[in-house]
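Residue numbers (our numbering): 5 to 319.
Ideal Cβ positions, reconstructed from N, Cα and C, are used throughout, including at glycine.
Bear in mind the structure is a predicted one, so any value in this text is a computation, not a measurement.
Structure representation (structure tokens):
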């Protein structure tokens, strides 16, 4: 008999513990496992009694892993990921189809990836793509995906990262809106992502040409913000990592001759404990190459912006 079977009340206990530790919640773990919360609590209590130590500290403010719980969770999570990788490799060998799961913003997927989705599929004909889309701020874990796009400020011990570009923003609008505004000097409408509207005040201002009477449209989904700008509804704050395609095609144009760079970097990240498959690395490198080609084209169209330096130079 495998010694592990004697060390555990049941194999199921590991799945329960992993779900609780990853979610930091009995309730969320129960929902994920499709069981009741009392059943999860009972399974955890049995596991702790069986191995003779507390794994979870419970309090009115929530739960936290003990030192022993942290040790076990790291090993269990690594083991589960290794088993998942092995099963995936077997499935690829059986079907000849690889699946790559990406965690991206809905805006990036809509406005940067979808215009070139055919090119992506032609480049990777044996890959099925799955997308975990984030409508709001680009954040959250990448435990359940192969690769995620995230804005970060510094090194991360849990993830490996490939630099995509610095976080660079500029005001953008449609050519028709810019021409109409120049001709009539009419009131400016600013199309805002609700969470980012303070940035217009904090340094990302369109400049003196856009002073005067102002109105605003406010949306919680950045994909809708950019769609409004494309339709000529106003001026939007454009993250270059999302709007580079439309700037390169001329569907959007800079609304001012300046860009703003923050201390954050847009990176493509994955868990250090999840080995990067060859297909995932190839998709990652494809995104980087396509993005650099976009920015280079925009840089040639608007050299006064210094976009290439802003996007790729280090501080």
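Residue 250 - containing alpha helix (DSSP H), residue span: 244–253
Inter-stretch contact (C-beta, 8 Å, three-pair minimum) for the stretch 286–299 and the stretch 173–185: no
Spatially closest choice to residue 280 from 147, 35, 124, by CA coordinates: Residue nearest to residue 280 within the set 147, 35, 124 is 147 (criterion: CA-CA distance).
CB of residue 245 within 8 Å of CB of residue 270, strictly: yes
Local Cβ density within 10 Å of residue 101, reported as buried at 16 or more and exposed below that: exposed
Cβ pair residue 104, residue 292 closer than 8 Å: Not a contact, by the Cβ cut-off of 8 Å.
Which of helix, strand or coil DSSP assigns to residue 128: In the structure shown, the three-state DSSP call for residue 128 is coil.
Secondary structure of residue 320, DSSP reduced to three states: Only positions 5 to 319 of the chain appear in the structure, and residue 320 is not among them; the question remains open.
Euclidean distance between Cα positions of residue 119 and residue 223: 23 Å
Buried versus exposed, by CB contacts within 10 Å (16 or more), residue 61: Residue 61 comes out exposed.
Counted within 10 angstroms of its Cβ, other Cβ atoms place residue 258 as buried (16 or more) or exposed: buried
The stretch 310–319 contacting the stretch 142–158, beta-carbon criterion three pairs below 8 Å: no
Cβ-based neighbour list, residue 31, same chain, cut-off 6 Å, excluding 5 preceding and 5 following: Same-chain partners within the cutoff: 41.
Run of the beta strand (DSSP E) containing residue 148, from where it starts to where it stops: Counting along the chain, residue 148 falls outside any beta strand (DSSP E), and DSSP gives it neither H nor E.
Cβ shell of residue 70 (< 8 Å), same chain only, five flanking positions each side left out: So the qualifying residues of the chain are 57, 58, 59, 60, 61.
Option nearest residue 164 by Cα separation, candidates 15, 34, 278: 278
Unbroken alpha helix (DSSP H) run spanning residue 141, endpoints: Counting along the chain, residue 141 falls outside any alpha helix (DSSP H), and DSSP gives it neither H nor E.
Where residue 123 falls, given that 16 or more other Cβ within 10 Å makes a residue buried: By the 10 Å Cβ count, residue 123 comes out exposed.
Delimiting residues of the alpha helix (DSSP H) encompassing residue 26: Note, residue 26: alpha helix (DSSP H), 16–27.
Terminal residues of the beta strand (DSSP E) in which residue 165 lies: 163–177 is the span of the beta strand (DSSP E), which, as asked, contains residue 165.
8 Å Cβ cutoff met for residue 272 and residue 153: yes
Proximity of residue 287 and residue 151 at Cβ, strictly below 8 Å: yes
Whole-angstrom C-beta distance between residue 218 and residue 191, which should lie under 8 Å: 7 Å
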